[in-house]
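There are 2 protein chains.
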Amino acid sequence: MAQNGIHIGLVEDQFIFREGMKSLIQNWPNMSVIFESGDGHSVIEKLKQTSFRPDVLLIDFSLPPLGEQEFNGLDVIQAVTNHFPDIKILMLSIHDDENFIAKVIEYGAHGHLVKESDPDDVRKAIHAVHEKGSYINEKTLRAIQHNMGKKIKPNQPYAQHTKLTKREQQIVELICLQHTTEEIAEKLFISTKTVNGHRINLLQKTNSRNTAGLVIYAVKNQLVSV
Amino acid sequence: MAQNGIHIGLVEDQFIFREGMKSLIQNWPNMSVIFESGDGHSVIEKLKQTSFRPDVLLIDFSLPPLGEQEFNGLDVIQAVTNHFPDIKILMLSIHDDENFIAKVIEYGAHGHLVKESDPDDVRKAIHAVHEKGSYINEKTLRAIQHNMGKKIKPNQPYAQHTKLTKREQQIVELICLQHTTEEIAEKLFISTKTVNGHRINLLQKTNSRNTAGLVIYAVKNQLVSV
DNA sequence: TTAAAACCGGGTACTTATACCTGGTTTTTT
DNA sequence: AAAAAACCAGGTATAAGTACCCGGTTTTAA
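Chains S and F, in that order, give the protein sequences.
Heads up: the first sequence begins at 1 in full-length UniProt numbering, then just goes up one per residue.
Heads up: the second sequence begins at 1 in full-length UniProt numbering, then just goes up one per residue.
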């Protein structure tokens, strides 16, 4: 049994990417992939069913389907840290949006990497989270700092709540589907005034100037699938 | 030399995905990866420099950086088919948007697959384009049909030109950056009336109802990076 | 169970976007 | 050299979005 070294788990819905990551890791010394999952739903369950759990969990998520509320990458982070606080979490994403990265960390991840990263960075990051408990690169640090700053400095009247409510998410989706305020109101059986209010709140929360910014935010934060 | 079978080339900017694909392919009988490129710029040049060219080229592209006009996946397809008509092209993308798929085929690809596809589908697709010259799955077929239909049936007054002009692409980008018509006009030293005209044309060409649709289109068609 | 947050909806005002008309110049293609 | 496409810009009009005001009910959390 060469089961020494760092035990790694992969949560990744793209099969090929997962295979690539696995073959990479297997070639690195003192590392082995002992856990895999193709979706977020089953991760907790699978982890519970085994006593041989990974030291480091690499989580990556593509876009969740539009329309349905899903267990997304952030939820997985939260669930894992709640149930298995010893497991270190390294989040992989295709986004380098600061808001997103900051949220990843806020939800409990021990590090973040963009998917395009050099394999050696991945290796370093795995070592870092395992041995030092965290891997915060420059970009991640900046993201954290900027997002902490937002909550501290008082010259921004409304601190960003960052997290959108269920209703707000619904409305963002409909906006992305090119529905007008009036259509959204009809669809949700509420007044256009209410929808209007939600839109204003959304613009504030997402720090957007207009609909275009809102849509970009939605895509970046995987509120809608492209 | 086990250089028999199908010779495959990979054009893929995500290193890890490329590795995954490579290791998958190497495990399949009668296939081998003999060519790789991490970006679109160098593909043609690299192909010219060798006489041992791939039979099948798998092309996948993430988003090109915003702001600069780049050689994107479609350009690569066109360039390859022009220079090396014998090479079969299989396009991989994260999008299943019909417009996009149709465009891929229109530009000369011999098949299309979404990146989330089952590895076995990839294998089948490679065989198909190599032996039958094409791999058109159900989704691709639908995309083609719908897009051909658009140009045939006369109840749609303006056929979609599909391809955006340089100026239009510029304006789309600025819209995605949350600029208003007035700001865009200032930035480009043109009248707001002109920008307005471009916007209208863009909505028509992209088949969008409003700015939200335009932004989604831009993201889908990789006109902007998210 | 009390407070906070979310949700709802009325009002008003202003800004921006959408849509079409016209015709002109410049650039690209054939 | 001619045709086509792109680009430019004026006019006019309506539709939609942005941004506040107010106070109410319902849901969630401390």
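Heads up, the beta-carbon is just placed ideally off N, CA and C, and yes, glycines get one too.
The model shown is predicted, which means the values in this text are computed figures rather than measured ones.
- Close to Asn201 of chain F, with beta-carbon spacing below 7 Å, lies no residue of chain S; the smallest spacing is near 17 Å.
- In the DSSP assignment, Val114 of chain F falls within the unbroken beta strand (DSSP E) covering Gly111 to Val114.
- Judged by DSSP in its simplified three-state form, His179 of chain S adopts coil rather than helix or strand.
- One Cα belongs to Ile126 of chain S, the other to His198 of chain F, and the distance between them is close to 48 Å.
- Residues of the same chain with a CB within less than 6 Å of the CB of Phe35 of chain F, apart from the 5 flanking positions on each side, are Gly9 and Pro54 in chain order.
- Closest in alpha carbon position to Ser23 of chain S, among S:Val76, S:Val122, S:Phe52 and S:Lys48, is S:Val122.
- For Thr180 of chain S, the closest C-alpha among the options S:Leu203, S:Thr211, S:Ser134 and S:Leu202 is that of S:Thr211.
- At a cut-off of 3 residues, not a single continuous stretch assigned as beta strand (DSSP E) sits fully inside the stretch 10-36 of chain S.
- Neighbourhood of Asn210 of chain S in chain F, by CB distance below 8 Å: Gln178, Thr180 and Thr211, in chain order.
- Inclusion of Ile44 of chain S and Met91 of chain S in the CB contact set at 8 Å is not warranted, their separation being larger than that value.
- Leu203 of chain S and Asp118 of chain F have their C-alpha atoms some 39 Å from each other.
- Under the Cβ distance rule, Leu113 of chain F does not count among the residues neighbouring chain S, no pair being separated by less than 8 Å.
- If you draw a straight line from the Cα of Ile94 of chain F to the Cα of Val215 of chain F, it is about 17 Å long.
- Taking every protein chain shown into account, the CB of Ile200 of chain F has fewer than 16 other CB atoms within 10 angstroms, so this residue is exposed.
- Residue pairing by DSSP puts Leu92 of chain S in a beta bridge opposite S:Asp60 and S:Leu113.
- DSSP places Ile87 of chain F outside both helix and strand once states are collapsed to three, so it counts as coil.
- For the C-beta of Gln14 of chain F, the chain S residues within less than 8 Å are, from N- to C-terminus, Phe17, Lys115 and Glu116.
- Counting only Cβ-Cβ distances below 9 Å, Gly20 of chain S has contacts in chain F at Gln14, Phe15, Ile16, Phe17, Arg18, Glu19, Gly20, Met21, Lys22, Ser23 and Leu24, in chain order.
- Burial check for Ser42 of chain S: the Cβ neighbour count within 10 Å stays below 16, so the residue is exposed.
- Within chain S, the C-beta atoms nearer than 7 Å to that of Val215 of chain F come from Ala212, Val215 and Ile216, in chain order.
- By the beta-carbon neighbour count (other beta carbons within 10 angstroms, threshold 16), Ser37 of chain S is buried.
- Here Gln222 of chain S is not near Lys115 of chain F, since their CB atoms are 8 Å or more apart.
- Comparing alpha carbon positions, the residue from F:Leu164, F:Ser208 and F:Lys193 closest to Gln178 of chain S is F:Ser208.
- In this structure, the beta-carbon distance from Val224 of chain S to Glu173 of chain S falls below 8 Å.
- In the DSSP annotation of this structure, the continuous segment of the alpha helix (DSSP H) that includes Ile126 of chain F starts and ends at Pro119 to Glu131.
- By the beta-carbon neighbour count (other beta carbons within 10 angstroms, threshold 16), Thr50 of chain S is exposed.
- With a threshold of 16 other beta carbon atoms within 10 Å, Glu12 of chain F meets it and is buried.
- With contacts defined as CB atoms closer than 8 Å, Val76 of chain S and Gly133 of chain S fail to qualify as a contacting pair.
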